[in-house]
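Chains as they are written, first to last, in our numbering: chain C, 303 to 640; chain X, 303 to 640. Positions of the beta carbon are idealized from the N, C-alpha and C atoms, including for glycine.
And the structure:
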């Protein structure tokens, strides 16, 4: 398999991207990597060119660029040419740690949506601190600012496939993020979505989940509109970060006893940080386009890039997007017959 | 001043409610408390009847009752009669730790909205872990499942008054909870609200705030629609709780060193818990009705009830609802002239 890598995207590109690619190349003997970017800069960091091809590109899309315009105008940028190689069937999947909006735009305009899917959903994997699994999948976390019932229905199906194919969970428990556990809770969008999901016999729908319960492992796939999902994702990150910072500062402000206690708890905080760190599950996945697309955090280091590439590889390996395309094709046939 | 207290609402009612009322009575010499509930049960916990009047009621609204129906049908319940006493001018403000939906319904149907306000907003005070203030105000956190631009505009004004009158903050910084810092972020509702708030010269509008930044003290009032606000509030509580639980379990699972370290850090965790505990700022306030209304958490102990009653008293003392009514009356006159 061949993975298209935007080598110029991310705060530490191309250095960390190249290092992450080398880690993944060493791990996966069946995988080739096509790196799009400035050849001299890439070569500077590349230790071993085995199964790594460089496609030189002149320009790149910056973090501050207006996404849609940048994708339309910078036709020879690393991201656009990487997406084009997926579209042309020269590579199987797309990776970037750069401008999220531009990756979204390039995926939609160049790679294209799976037939039957109205809006792809940005999907993330978060830690479950209790329950049978150590993580869960949530979508949409921000690809769409406005969503309709049919979008949320499709997110549920996309998440269901991802959870079973890529995360390897049998019969994933699908929940709807809502403002109460009862089925009549929420605004019209969420009330109607509840009914639609409950009716779908292909889904193991377990009802509403409140954002308070998110990390408690009661669902494998959490379905949400992109506005709420984005707010809740950022809030989870922010609250955890603020709280850990508060603990750290309180330890530093405390006397000798507190500082000593903090020192003794270092291994414990390491465990906590490991459990909260969801980058080991990979990056954010854009589900609903014709090929696997993964976005790593802009500040990713080589290990995080490696995890995101492993995830991308797993998506290709399990034929996720082909399975999705088949499912939606059959579904649309069935809908026609009805 | 006289505060109407639903003595039967809350998980530990009337015991904790009565104890909280006695704490507040001992603190505030100018305040009388009218307790609505089962007289014999209240008397069982009441140590000193000074400035405390009991109005016996036969029934109460349960946590599981459907709010609107319960308020309409249980006309002699403790909550309904307490709200009625506010409406009749016999008391100045309403307190309950019971069914939130029922308190909302009783406030709307019996006490009534301030003229010019379309939808009251549920308002909560959360800790600021950095910045110049130790807390901020957020609304709406769930009174309304669906909101329009004019509702969010009114929430901003309500929050502005609350923050300056009750929290005592000069020229509060008002921010809009949105999915990005830039003014063109978010769905139509949030884009249009941004423009409306930016235009209002009576507000110190500081732009969008992302939920990641919520606890970092960059705003004094965070304006949000009730669906997102509810999700983010519950997520903040849930993430903090899950993380602290994870730390606790990791300490218990660690060896002797970890347990000793945990013991030594007990005072530090006490500081952290104190900073995160926002019940000292009172309960949730329903802003936009004709009299101050405060809802304490169902599981409140006597100290938390005391804090909520202090907050209610402060709202009466600073003439918050009268000031709000005057403001909206003038505003509507000005709008007519235009």
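Would you say residue i faces chain X, with C-beta separation under 8 Å as the test?
i, result
"residue 460(C)", "no"
"residue 566(C)", "yes"
"residue 320(C)", "no"
"residue 400(C)", "no"
"residue 559(C)", "yes"
"residue 434(C)", "no"
"residue 481(C)", "yes"
"residue 363(C)", "no"
"residue 465(C)", "no"
Given a threshold of 16 other Cβ atoms within 10 Å of its Cβ, counted over all protein chains shown, does residue i qualify as buried or as exposed?
i, result
"residue 497(X)", "exposed"
"residue 632(X)", "exposed"
"residue 565(C)", "exposed"
"residue 575(X)", "exposed"
"residue 612(X)", "buried"
"residue 615(C)", "buried"
"residue 512(C)", "buried"
"residue 434(X)", "exposed"
"residue 558(X)", "exposed"
"residue 606(C)", "buried"
"residue 552(X)", "buried"
"residue 590(X)", "buried"
With DSSP collapsed to three states, give me the class of residue i.
i, result
"residue 518(C)", "helix"
"residue 536(C)", "helix"
"residue 569(X)", "helix"
"residue 617(C)", "helix"
"residue 541(X)", "helix"
"residue 472(X)", "coil"
"residue 503(C)", "coil"
"residue 556(C)", "coil"
"residue 465(C)", "helix"
"residue 485(C)", "coil"
"residue 576(X)", "helix"
"residue 433(X)", "coil"
"residue 443(X)", "coil"
"residue 369(C)", "helix"
"residue 603(C)", "coil"
"residue 387(C)", "helix"
Nearest to residue i by alpha carbon, out of the options?
i, options, result
"residue 403(C)", "484(C), 622(C) and 599(C)", "599(C)"
"residue 422(X)", "405(X), 445(X) and 412(X)", "445(X)"
"residue 510(X)", "414(X), 450(X), 525(X) and 567(X)", "525(X)"
"residue 354(X)", "624(X), 334(X) and 366(X)", "334(X)"
"residue 414(C)", "434(C), 466(C), 520(C) and 395(C)", "395(C)"
"residue 485(X)", "573(X), 597(X), 500(X) and 476(X)", "500(X)"
"residue 464(X)", "428(X), 626(X) and 366(X)", "626(X)"
"residue 530(X)", "607(X), 362(X), 347(X) and 454(X)", "454(X)"
"residue 482(C)", "579(X), 532(X) and 431(X)", "532(X)"
"residue 458(X)", "470(X), 477(X) and 447(X)", "477(X)"
"residue 338(C)", "374(C), 372(C), 319(C) and 380(C)", "380(C)"
"residue 560(X)", "560(C), 570(C) and 555(C)", "570(C)"
"residue 388(C)", "306(C), 537(C) and 546(C)", "306(C)"
"residue 310(X)", "331(X), 336(X), 494(X) and 349(X)", "336(X)"
"residue 492(C)", "448(C), 540(C) and 521(C)", "448(C)"
"residue 328(X)", "596(X), 350(X), 316(X) and 308(X)", "350(X)"
"residue 624(X)", "514(X), 467(X), 325(X) and 573(X)", "467(X)"
May I ask you to list the residues that DSSP assigns as paired with residue i?
i, result
"residue 356(X)", "337(X)"
"residue 305(X)", "335(X) and 395(X)"
"residue 423(C)", "589(C)"
"residue 477(X)", "509(X) and 524(X)"
"residue 597(C)", "398(C) and 586(C)"
"residue 438(X)", "428(X)"
"residue 379(X)", "361(X)"
"residue 415(C)", "591(C)"
Cβ of residue i less than 8 Å from any chain C Cβ?
i, result
"residue 497(X)", "no"
"residue 413(X)", "no"
"residue 475(X)", "no"
"residue 453(X)", "no"
"residue 588(X)", "no"
"residue 602(X)", "no"
"residue 621(X)", "no"
"residue 581(X)", "no"
"residue 577(X)", "yes"
"residue 569(X)", "yes"
"residue 552(X)", "yes"
Can you list, in chain order, the residues of the segment 505–534 of chain X whose Cβ is nearer than 7 Å to any Cβ on chain B? The structure shown contains no chain B; the protein chains it does contain are C and X.
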